[in-house]
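Residue numbers (full-length UniProt numbering): 1 to 126.
So this is what it looks like as structure tokens:
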């Protein structure tokens, strides 16, 4: 009987851990996504100093979250986000309007896609 209780308790802990991981990913990526939107807004308005400032804030937020995310996500996903962020920062610095929105859209896609692929749901389990 004790063995069954322990197995059930471990199962519950596993489910709780997955739900906490999901909540952390959702919150972190929603915050990063809103920061990318703020960079886009400032860049579109032509306020380059604000765009640079918001890009620095975004980079700082990413650097802070990256350590925890590297233990939860595949490294390829993290590398993709980092590459897009570096590219976006360079485009903000050089005021390259042609490539800015393409890079920003790719970054937003990664930030929205990753939590969906790691979400605890039947579609991802099967």
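Beta carbons: idealized from backbone N, C-alpha and C, even for Gly. From a predicted model like this one, the values you see are computed outputs, not experimental measurements.
Enclosing alpha helix (DSSP H) for residue 93 [first to last residue]
Locating residue 93 in the chain shown gives position 93, counting from the first residue. 75–94 is the span of the alpha helix (DSSP H), which, as asked, contains residue 93.
Can you give me the start and stop residues for the alpha helix (DSSP H) that residue 127 sits inside?
Outside the modelled stretch of the chain, which goes from 1 to 126, sits residue 127, for which no answer is possible.
Three-state secondary structure assigned by DSSP to residue 63:
Working through the chain shown from its first residue, we reach residue 63 at position 63. For residue 63, the secondary structure class from DSSP, reduced to helix, strand or coil, is helix.
Ends of the alpha helix (DSSP H) at residue 98?
Your numbering for residue 98 matches position 98 in the chain shown. 97–117 is the span of the alpha helix (DSSP H), which, as asked, contains residue 98.
So does the stretch 50–58 actually touch the stretch 89–98, counting three or more Cβ pairs closer than 8 Å?
Yes, the stretch 50–58 touches the stretch 89–98.
If you draw a straight line from the alpha carbon of residue 76 to that of residue 47, how long is it in whole angstroms?
Taking the chain shown and counting its residues from 1, the one referred to as residue 76 is at position 76. Taking the chain shown and counting its residues from 1, the one referred to as residue 47 is at position 47. Taking the straight line joining both Cα atoms gives about 33 Å.
For residue 72, I'd like the list of residues in its chain whose CB is within less than 8 Å of its CB, leaving aside the five on either flank, ordered along the chain.
Position 72 of the chain shown, counted from the first residue, corresponds to residue 72. Counting only Cβ-Cβ distances below 8 Å, and skipping sequence neighbours, we find 21, 24, 25, 118.
Where residue 86 falls, given that 16 or more other Cβ within 10 Å makes a residue buried
Here the question's residue 86 lines up with position 86 in the chain shown. Exposed, since its Cβ has fewer than 16 Cβ neighbours within 10 Å.
Distance between beta carbons of residue 78 and residue 107, contact taken as under 8 Å
For the purposes of this step, residue 107 is taken as the residue at position 107 of the chain shown. For the purposes of this step, residue 78 is taken as the residue at position 78 of the chain shown. The distance from the Cβ of residue 107 to that of residue 78 is about 13 Å, inconsistent with a contact at the 8 Å cut-off.
Is the Cβ-Cβ distance between residue 35 and residue 61 less than 8 Å?
The residue you call residue 35 lines up with position 35 of the chain shown. The residue you call residue 61 lines up with position 61 of the chain shown. Yes.
For residue 110, which residues from the same chain have a beta carbon less than 8 Å from its beta carbon, with the 5 sequence-adjacent residues on both sides left out?
Counting from one through the chain shown, the residue named residue 110 turns up at place 110. Once the five neighbours on either side are set aside, the close Cβ partners of residue 110 are 77, 80, 81, 84.
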